[in-house]
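Numbering-wise (the numbering used here), the sequence shown opens with residue 1088 and increments by one.
From the three backbone atoms N, C-alpha and C, an ideal C-beta is built for every residue, glycine too.
Structure, as structure tokens:
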Amino acid sequence: MNQLITITQNENNDQVVSARELHKVLGVKKRFSEWWEQNSKLLVEHEDFEGVLISTPYNPKFPDKVQKLQDYAVTSDNAKHLAMQSQTKKSREIRDYFIQVEKEYKQQQQAPLTLDQQIAAIATGYGNVKEELVEVKDRVSDLEENAPLSAGEYNYIGSRINQRVAEVARGYGKITREQRGKLFKDINQGVKAVTGVSTRTQLRAKHFDTVVDFTNNWEPSTATKMQLRQMSFDFEA
């Protein structure tokens, strides 16, 4: 939706617009002061609008020389009425624009809040509640980050490592127990490298996909391959 006029919120969270900007967007031919006096007679100050002074240059070529002009922050509901009272080509378009903005605003208010938004909303006016909720959020995030592997996940990783070592070992024909041990050492070192843990028992749930993916694509290092070949030559000799 294209922005036809700037809508802001005042200290009471009411949506308001500048009466001068509304007058300009509507394309009213009367002077602003005359238009406002004629159309604002039924409006109540401090409820429907607030008077404000704005600064604007006398001449765009000399921005430092400014003048003070009287303006009014009008609630969007009353701005709709002012738009229709003005009876210009833009009147209905402006009214429909206010209605659409209000509709979208209400939908946003009804939409489910994110955890951060809930924290901000609850903490408003409640002292240290925000800090306490942030601590809870951090603890929950920490628990999720460090959740241990389930028994099924742990056993699956062990089984998949055994299978992958067996698959690679078949490429070397008949190998000794010592050679198989070299392969297990190599793959376990790889798991440590990609996860940053010292032993397999330190793996966490967050590591599961990484370890499985690494295992599925694992190949012995060049150094391990050379050791296996040398051990095969020594065995044959």
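Beta bridge counterpart(s) of E1137 as assigned by DSSP: A1160
Can you name the residues that DSSP bridges to S1105? A1160
Which residue from N1304, T1263 and R1291 puts its Cα closest to that of Q1317? T1263
Who are the near neighbours of T1325 in its chain, counting only those whose CB is closer than 7 Å to its CB and skipping five residues on each side? With the chain represented from 1088 up to 1324, any question about residue 1325 goes unanswered, as that position is not in the structure.
For I1141, is the classification buried or exposed, using 16 other Cβ atoms within 10 angstroms of its Cβ as the cut-off for buried? exposed
Collapsed DSSP secondary structure at E1306 in the structure displayed: coil
In the DSSP assignment, what are the bridge partners of K1155? S1142
Helix, strand or coil: how does DSSP classify T1297 here? helix
Report the rounded CA-to-CA distance for D1158 versus N1100, giving the unit in angstroms. 19 Å
At which residues does the alpha helix (DSSP H) containing R1267 begin and terminate? R1264 to T1282
Can at least three beta-carbon pairs, one atom from the stretch 1299 to 1313 and one from the stretch 1239 to 1248, be found at a separation below 8 Å? yes
In three-state DSSP terms, what is T1311? helix
For T1309 and L1270, what's the separation of their Cα atoms in angstroms? 12 Å
How many Å lie between E1240 and N1275 at the Cα? 16 Å
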